[in-house]
Amino acid sequence: MTEPLRTAALALVRDGRMLQARSVGKRAFYMVGGKIDPGETPLEALHREVREELGVDVVESSVHLLCVVECPAFGDPLGRDLHMTCFSAGLTGEPRATSEIADLRWFTVAEYAAMPDVAPGSMRVFRHLQAQGLVI
Numbered sequence: 001m002t003e004p005l006r007t008a009a010l011a012l013v014r015d016g017r018m019l020q021a022r023s024v025g026k027r028a029f030y031m032v033g034g035k036i037d038p039g040e041t042p043l044e045a046l047h048r049e050v051r052e053e054l055g056v057d058v059v060e061s062s063v064h065l066l067c068v069v070e071c072p073a074f075g076d077p078l079g080r081d082l083h084m085t086c087f088s089a090g091l092t093g094e095p096r097a098t099s100e101i102a103d104l105r106w107f108t109v110a111e112y113a114a115m116p117d118v119a120p121g122s123m124r125v126f127r128h129l130q131a132q133g134l135v136i
């Protein structure tokens, strides 16, 4: 059996919308975050990935474990499952797309669901936040 793709992600919500990032060369928008490197904790990966993708840091005192999502990994050539540890947190500044990110966009659940390519992990987090009344 193939090992799941282990990732850490940030659920950043403003005005009922959650931020999603589209990497250079990709069509789908995903949660801000990425793969957990060997020897790295999900929290360490979150800090590294947010810095790499958004050019700001996570405010350590604001980090909360939101949920763990397990589902098929969207677009994975090996057909692996995704194991995504998702956090909520504040940032030290305004997020901006760094060189590896082609686009940042704030989505409602309906806006994200209407995209031509929808990552199952992101959709599960949207639904989780929607059930809590945090996204529209």
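Mapping of the sequence shown onto the UniProt record's numbering: position 76 corresponds to residue 76, and the numbering continues sequentially without gaps.
Just so you know, even glycine gets a beta-carbon here, dropped at the ideal spot from N, CA and C.
Everything numeric in this text was worked out from a predicted model, so none of it was measured.
| Query | Result |
| --- | --- |
| One or two residues paired with Gly75 in a DSSP bridge | Looking at the DSSP assignment, Gly75 forms no beta bridge with any residue, so it has no partner. |
| Cβ-based burial, His64 [other Cβ within 10 Å; buried from 16] | exposed |
| Stretch pair the segment 35-44 + the segment 97-114: three plus CB contacts closer than 8 Å | no |
| Collapsed DSSP secondary structure at Leu91 in the structure displayed | strand |
| Rounded distance between the beta-carbons of Val59 and Gly90, thought under 8 Å | 4 Å |
| For Lys35: DSSP bridge partner residues | Thr7 |
| Between the CA atoms of Glu53 and Tyr30 - distance to the nearest angstrom | 12 Å |
| Element boundaries [beta strand (DSSP E), containing Leu104] | 101-107 |
| Within 9 Å, strictly: CB atoms of Leu66 and Leu5 | no |
| Residues bridged to Val63 (per DSSP) | Answer is none; Val63 lacks a bridge partner. |
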